[in-house]
Structure formats: C-alpha cells, structure tokens
Amino acid sequence: MDSDVRYSIIIPVYNEEEVVAVTYERLKEVMDSTNECYELLFINDGSKDRTAQIILELCMKDDTVKLINFSRNFGHQIAISAGMDHAAGQAIVVIDADLQDPPELILDMIEKWKEGYDVVYATRKKRKGETWFKKWTAAVFYRVLRSMTEVDIPVDTGDFRLIDRKVCDAMKKVKEKNRFVRGLVSWVGFRQTAIEYIREERFAGKTKYPLRKMIKLSLDAITTFSHKPLKLATYLGFLLSSVSFLYLIFAVFERLFTPNTVSGWTSIVATSLFFNGTILIILGIIGEYIGRIYDETKNRPLYIIDSKVGFKGNEEKHDF
Ligand code: UDP
Ligand code: MG
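1 is the number of the first residue of the sequence shown in full-length UniProt numbering; add one for each residue after it.
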C-alpha cells in the first residue's frame with residue numbers, strides 16, 4: 001500500500017452510470033483544492049450497467065482513481081467495509097455516489113480532523129427530493145434504534161463521514177457479517193464530532209435502496225445493537241398472563257353466581273387469534289436473531305472481489 005496517501009475517499013457504486021462521471025469531477029475539484037495526496041476508491045457493488053467501464057476509463061487517465069469490482073451485489077454496507085479494508089489514507093471519507101452528500105463538505109470534515117477529531121460525521125438537517133415515506137420511516141428508525149441500544153448512535157446521520165486511520169484499523173477488526181457500519185463507528189469510540197448539512201436531491205437515477213434493502217438495514221441495525229426485542233416476549237408474556245388471570249376470576253365468578261354460564265364463542269375466537277398472532281410475531285423476532293447467528297457461524301468471507309484496478313503491485317486482470 002502506498003502510505004504517502006493522505007486522504008482516501010470511498011465511493012460505493014451500484015448501477016450509477018448516470019452520475020459517476022459527474023461525481024468524479026466534483027470530488028476531483030474538491031480534493032485538488034487540498035493540495036495533498038489523495039485516492040478516489042470506487043467499490044463497484046456488482047453493477048449491471050456501464051458503471052464499471054466508466055470508472056475504468058477514469059482509472060486509465062488518472063492514477064488517483066482506484067476500482068474494486070465485486071463478483072456480485074453484496075450491498076452498500078459491505079461495499080463500504082471493503083473500501084475501509086483497502087484504503088491507504090490517513091483520513092478516510094465515505095460518500096454516496098449520487099451527490100446527495102455534497103463533496104464540498106469534505107473540506108469542513110478535514111478541518112475538524114486537523115483540529116484533532118477522529119470521527120467527523122455529517123448530520124442531515126434537512127432532506128431534499130425524497131418521498132415523505134422515506135423521510136418518515138428514516139426519522140422513526142433512527143429514534144427507535146436510539147431508544148433500544150446503549151451505544152450512542154447519532155440520529156439522522158448516514159454513512160457520510162470522515163474517520164481517522166486508527167478508527168479505520170479498529171473497524172477492520174470488527175468481523176460481523178450483518179453490518180450496520182454507522183453504528184459500528186459509534187461503537188469503536190474515539191473523539192467524535194458532528195457537522196450539519198442539507199441532504200441534496202439525487203443528481204440522477206433512482207434510489208438503489210428499495211424497501212426490501214431498507215428493512216434489511218434496519219433489522220441489522222436493531223438486532224446487532226440491541227437485545228431488547230427478545231425481551232419483548234418476556235414482558236408481553238407477563239402482561240398477557242396477568243390479563244388472563246383477571247379474566248379467569250371473572251369467568252369463575254360468572255359460572256358460580258350468575259345464570260348465563262355459556263357465553264358466545266366470539267371471545268374464544270378473539271383471544272385465540274390474538275394469542276396466535278402474538279406468538280408468531282415473537283417467533284419471527286427469535287428467527288431474525290437465529291438467522292443472524294447462523295450467518296456469523298458460517299464464517300463466509302464478507303465479499304468476493306472479481307478484480308482490482310489502479311492498485312500498485314499485484315494488479316489483477318479483468319475483462320469486460
Ligand atoms: N449502493 C451500493 N449497493 C447497493 C445499494 C446502494 O453500493 O446495494 C450505493 C449507491 O450506489 C449509492 C449509495 O450506496 O452510492 C447510497 O444508495 P442510494 O443513494 O440509492 O440510497 P438512498 O440515498 O436513496 O438512501
Ligand atoms: Mg442516495
């Protein structure tokens with residue numbers, strides 16, 4: 001690894017052919033203004049469009065550009081982790097490819113880093129051009145997560161942040177398969193600070209985070225940072241037993257002292273449906289944890305690399 005690199009910019013890309021060239025130009029302009037050595041590390045997370053070819057062309061004319069091609073789509077959080085594994089810089093910045101995170105903010109982050117902070121994360125003051133559904137679910141998610149975990153995970157903060165080399169090295173030791181990177185950065189500690197920004201609209205293209213991936217991310221976040229959902233079964237069990245006990249007293253009383261002994265079956269059906277629903281939910285929660293325990297024990301590598309371009313030394317061959 002070339003250790004004279006001061007800044008590594010990690011850019012995960014998945015089907016971003018419409019934006020990647022512009023993102024490169026904007027990042028280049030910002031990073032050139034630092035007058036220090038840097039690298040732009042693109043992680044191609046199994047794109048099916050022309051993203052890889054466009055970055056490859058950039059690699060050919062600019063040796064600050066590096067490219068790692070995954071063998072398939074492994075997901076945003078894993079792409080970021082691969083970036084951290086390969087970054088050579090003293091400070092490492094993670095940024096989305098779609099220009100929702102303004103590259104110019106990197107200069108403010110660098111300033112804070114030079115003041116001595118090890119993590120500078122960017123909190124979204126406002127989100128532009130996203131659906132109310134996304135904004136609302138995101139806002140609820142960050143708050144639920146915060147109330148469930150002891151780790152101090154900042155709200156309304158994505159993966160756009162700068163981390164120091166020592167934070168990056170600590171992150172590399174975290175071997176979890178189901179990863180919630182922004183939570184792990186909080187978990188490793190060090191001196192952290194925030195800067196605020198307004199999240200822009202996507203420059204072009206559509207979101208690569210459909211509902212399915214949003215649910216996966218939030219479940220990973222909650223299950224890897226909290227056991228509280230498992231305790232739900234216990235609390236609910238106590239609550240339901242107390243209610244059932246009261247009802248039992250009532251039923252016995254009715255049988256002994258009133259003539260209307262056989263009441264309708266409605267109450268039986270209602271309670272049985274309710275209890276069955278509750279049991280299924282709790283089984284589901286337990287299943288989420290067991291599935292993740294299984295993932296961890298399988299111990300598969302986090303990602304598979306197809307090819308690397310722009311790295312000194314052992315360059316791998318690739319064909320498109
Ligand atoms: N991304 C990725 N793999 C995926 C999904 C997304 O590498 O499976 C990248 C994507 O190219 C972008 C970043 O992660 O650079 C954030 O995705 P997106 O902007 O679609 O998410 P949103 O901002 O809508 O939450
Ligand atoms: Mg985006």
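Each residue gets a CB set at the ideal place from its N, CA and C atoms; glycine is no exception.
Continuous beta strand (DSSP E) stretch holding residue i: start and end
i    : result
D159 : 157 to 164
S267 : Element bounds for S267: not the beta strand (DSSP E) but the alpha helix (DSSP H), 266 to 298.
Y197 : 192 to 199
K254 : In the sequence under discussion, the amino acid at residue 254 is Glu, which differs from the Lys named in the question. Run containing E254: none in the beta strand (DSSP E); it sits in the alpha helix (DSSP H), 228 to 257.
L41  : 38 to 44
Where residue i falls, given that 16 or more other Cβ within 10 Å makes a residue buried
i    : result
Q100 : buried
M1   : The predicted position of M1 is uncertain, since its pLDDT is 49 and thus under 50; no value can be drawn from it.
I304 : exposed
E115 : exposed
D164 : buried
K317 : Because K317 sits at a pLDDT of 47, beneath the cut-off of 50, its placement in the model cannot be relied upon, and the following sentence gives the value as read from the coordinates. Exposed is the call here.
Y14  : buried
S8   : buried
F320 : Because the pLDDT at F320 is just 44, under 50, the model does not fix this residue reliably, and the value given afterwards should be weighed accordingly. Answer is exposed; the Cβ neighbour count stays below 16.
Y117 : buried
E104 : exposed
R202 : buried
D4   : exposed
G291 : exposed
W132 : exposed
L239 : exposed
R182 : buried
T266 : exposed
E16  : buried
R161 : buried
Y24  : buried
N299 : exposed
N35  : exposed
I286 : exposed
T224 : buried
T258 : exposed
N- and C-terminal bounds of the alpha helix (DSSP H) containing residue i
i    : result
R143 : 132 to 148
V13  : No alpha helix (DSSP H) contains V13, which is instead part of the beta strand (DSSP E) from 7 to 13.
S186 : 181 to 188
D306 : Segment 305 to 309 is the beta strand (DSSP E) holding D306; no alpha helix (DSSP H) there.
V22  : 20 to 32
E57  : 51 to 61
F225 : 211 to 225
Closer than 8 Å to chain B by CB, residue i
i   : result
D98 : No chain B appears in the structure shown, which is made up of a single protein chain.
Open item on the list: Assess contact between the stretch 68 to 81 and the stretch 145 to 158, defined as three or more Cβ pairs (one per stretch) separated by less than 8 Å. Is contact present?
Closed with: Taking 8 Å as the limit for Cβ pairs, the verdict is that the stretch 145 to 158 does not touch the stretch 68 to 81.
- [ ] Mind the definition here: the stretch 276 to 283 touches the stretch 226 to 244 only if three or more C-beta pairs lie below 8 Å; say whether that holds.
- [x] yes
Open item on the list: Count Cβ pairs between the stretch 59 to 73 and the stretch 165 to 172 that sit closer than 8 Å; are there 3 or more?
Closed with: no
- [ ] Counting only runs of 4+ residues fully inside the stretch 69 to 141, write out the alpha helix (DSSP H) ranges in chain order.
- [x] With a minimum length of 4 residues, the continuous alpha helix (DSSP H) runs that stay inside the stretch 69 to 141 are 76 to 86, 105 to 115.
Task: Residues whose Cβ lies closer than 5 Å to any heavy atom of the ligand UDP, in chain order - done: Taking each Cβ in turn, the ones that pass are P12, V13, Y14, E16, D45, G75, H76, A79, D96, A97, D98, T207, K208, Y209.
TODO: Evaluate the contact criterion for the stretch 86 to 99 versus the stretch 133 to 146: three or more CB pairs, one atom per stretch, below 8 Å.
DONE: In short, these stretches do not touch, since the Cβ pair count stays below three.
Open item on the list: With three or more C-beta pairs closer than 8 Å as the rule, is the stretch 195 to 210 touching the stretch 118 to 129?
Closed with: yes
TODO: Specify whether the stretch 82 to 96 and the stretch 39 to 47 touch according to this definition: at least 3 beta carbon pairs, one from each stretch, less than 8 Å apart.
DONE: In short, these stretches touch, since the Cβ pair count reaches three.
- [ ] Would you check if the stretch 247 to 256 and the stretch 51 to 59 touch, i.e. whether three or more CB-CB distances between them fall below 8 Å?
- [x] Result no; under three Cβ-Cβ pairs closer than 8 Å.
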